[in-house]
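Take the sequence shown: its position 44, counting from 1, is numbered 44 in our numbering, and each next residue is one higher. Backbone N, C-alpha and C fix where the C-beta goes; we use that ideal spot for every residue, glycine too. Presented below is the structure to which this report refers.
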Amino acid sequence: MGTRRKITSRLLVLCVFCLMLPYLSFAADESGFERRAAKVAQSRINTKLSASVLIGIVNPAVEFKVMKHFTVQLDAFGSFYTTDFLGTGKPFVLGSGFLEFRYYPRLAFSGFYVAPNIGFGVYKLNKGLVFRYTDQYEGDCYQHGSNVMAGLTIGYQWNIDHHWSIEVAWGGGFQQSVYQGYRRESKDEPYEMYVDRNASAEWPILYKGGVFVGYRF
């Protein structure tokens, strides 16, 4: 009976220790985070490149520290699939640029952030590639135009060391576009305009973002 009690008490102590371990680790991580964040906040510029480059889409960005908790980011997006985007058989040519004003609750370049964004783009693509229109724009057609965007970006920046970081970002909001539509019945025929200066407005939940690798100076 005494042996059982000893085993039970030891198991109880072990369980309590296991339950407390995440909190102890979290506290240690928090302390380490604050030390790294303070060192990282001494940087002034963070240059980044999105992992989308692995599929042929270029998305560089430059982030500038302006105050203790605030930064400004400029980023560009370029896709150059003129005929066949990732095996879909549809064109996806897009160039855009964005401006963000970021707020980091802890310190600049560290942890969670929120940022209003504004951007402008030009494109030649099949709108069937957009989630909202996946069941539309069938056949050999494309839309050629421009759009303006304004919304909100949220994200998180992990600091590997004083220079290197990994960031996840998600941005969406409102967009207004003006475009012309072209289509053809067969590959032997030229494209003909079927829509002249059409306009559309949407609230896409995602028009920018991704996973970025950054290097600070």
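### Message
Which residue marks the beginning of the beta strand (DSSP E) containing residue 114, and which one marks its end?
### Response
Note, residue 114: beta strand (DSSP E), 111–125.
### Task
Could you say if the segment 173–180 and the segment 191–208 meet the contact criterion of at least three C-beta pairs nearer than 8 Å?
With the rule of 3 Cβ pairs closer than 8 Å, the segment 173–180 counts as touching the segment 191–208.
### Sequence-distant residues of its chain with Cβ nearer than 7 Å to residue 23 (five each side left out)
Note that residue 23 scores a pLDDT of 48, beneath 50, so its modelled location is shaky and nothing firm can be said.
### As assigned by DSSP and simplified to three states, the class of residue 51
Note: residue 51 maps to helix in three-state DSSP.
### Segment contact, 8 Å Cβ cut-off, at least three pairs: the segment 129–143 with the segment 71–91
A contact exists between the segment 129–143 and the segment 71–91.
#### Entry: Delimiting residues of the beta strand (DSSP E) encompassing residue 198
Looking at the DSSP string, the run of the beta strand (DSSP E) that includes residue 198 is 192–202.
### Message
Helix, strand or coil for residue 156? Go by DSSP, reduced to three states.
### Response
In this structure, DSSP gives residue 156 an extended state, which the three-state scheme calls strand.
### Message
Can you tell me whether residue 51 is buried or exposed? The criterion is at least 16 other CB atoms within 10 Å of its CB, across all chains shown.
### Response
In this structure residue 51 is exposed. Its beta-carbon is surrounded by fewer than 16 other beta-carbon atoms within 10 angstroms.
### Query
With respect to the beta strand (DSSP E) encompassing residue 208, which residues constitute its N-terminal and C-terminal limits?
Element bounds for residue 208: 208–216.
### Message
With DSSP as the reference, identify every bridge partner of residue 59, one or two as the case may be.
### Response
According to DSSP, which records beta bridges pairwise, residue 59 is partnered with nothing at all.
### Message
Between 97, 61, 60 and 56, which has its C-alpha nearest residue 80's C-alpha?
### Response
Residue 56 is the option with its Cα nearest to residue 80.
### Query
In the DSSP assignment, what residue or residues form a beta bridge with residue 167?
Paired residues: 157 and 212.
#### Entry: Euclidean distance between Cα positions of residue 155 and residue 59
Distance between the alpha carbons of residue 155 and residue 59: 16 Å.
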